[in-house]
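Encoded as structure tokens, the structure appears first; notes follow it.
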Amino acid sequence: DTGVSQNPRHKITKRGQNVTFRCDPISEHNRLYWYRQTLGQGPEFLTYFQNEAQLEKSRLLSDRFSAERPKGSFSTLEIQRTEQGDSAMYLCASSLVQGSSETQYFGPGTRLLVL
Amino acid sequence: AQSVAQPEDQVNVAEGNPLTVKCTYSVSGNPYLFWYVQYPNRGLQFLLKYITGDNLVKGSYGFEAEFNKSQTSFHLKKPSALVSDSALYFCAVRERNTGFQKLVFGTGTRLLVSP
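See the structure below:
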């Protein structure tokens, strides 16, 4: 049973650089979510996909952030011109929607540090 | 707007004693409620959820939670704590029938179980 995987697990970058994270969901899960978690806080929703369609975006997702899920399988989250405030854990979750019941299963996260 | 409150930053309990981690929520309609656990440098691990029906929900590792609609609470419980239960616990809510799929999390409660 392979769960949600995320790469890289850690990323250190300098302010102004671009970074890209990858999420591989559980096989056959049709929804994929991105959340951001800062120290001492719970995860905050960023965006989600149903198959390849991006259906909802948070106001937290500034124009420097872009997410894709081109074939409805893996997803990438890119941050352009990183800022120190982008330092956080980026979590990916996937789910299989069956009627009204849905459980999101999370990956281990990518910890980003912007210097 | 949906919100979750976890009033205790930390809960301390001795091994073998019962534990309770508190959660209250606010939604405009009926909720789906979830508990997740996070170990250091790991993603969130699903414990249990309330969808409908019986107010007492049983989950993984001996945990259970009681949904109380009048008190808008969903407290997490376990009859006998283990040292290995020490972790960060998050309560989350999602509204039904709104089209919003995101989970809204509380700020987390650190559980410390002493030997």
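In order, the protein sequence lines correspond to chains A and B. Under our numbering, the letters of the first sequence match residues 1 to 115, in that order. Under our numbering, the letters of the second sequence match residues 1001 to 1115, in that order. Glycine is no exception: its CB is placed at the ideal position from the N, C-alpha and C atoms.
- Close partners of A/Q104 in chain B (Cβ separation under 7 Å): L1103.
- Leaving aside the five residues that flank A/F21 on each side, the residues in its chain whose CB is nearer than 6 Å to its CB run, in chain order, L77, Y90, T110.
- In the DSSP assignment, A/F45 falls within the beta strand (DSSP E) that extends over 44–50.
- When the Cα atoms are used, A/E52 and B/L1088 turn out to be separated by approximately 32 Å.
- Residues of the same chain with a CB within less than 8 Å of the CB of A/F74, apart from the 5 flanking positions on each side, are R22, C23, D24, P25 in chain order.
- Identification of residues in the region 1026–1045 of chain B having a C-beta nearer than 7 Å to some C-beta of chain A yields R1042, G1043, L1044, given in sequence order.
- B/D1085 carries a helical assignment under DSSP once its states are collapsed to helix, strand and coil.
- Among the residues of chain A, those whose CB is under 8 Å from the CB of B/T1107 are G40, Q41, G42, following chain order.
- DSSP, read as helix, strand or coil, puts A/Q84 in helix.
- Inclusion of B/F1105 and B/C1023 in the CB contact set at 8 Å is not warranted, their separation being larger than that value.
- By the rule that beta-carbons nearer than 8 Å mark a contact, B/F1063 does not touch chain A.
- Within the same chain, and ignoring the five residues on either side of B/V1004 in sequence, the residues whose Cβ sits closer than 7 Å to its Cβ are C1023, Y1025, C1091, A1092, V1093, V1104, F1105, G1106.
- Secondary structure of B/S1060 (DSSP, three-state): helix.
- With respect to chain A, the C-beta atom of B/F1074 has no partner C-beta closer than 8 Å.
- Taking CB atoms only, B/K1049 has a neighbour in chain A less than 8 Å away.
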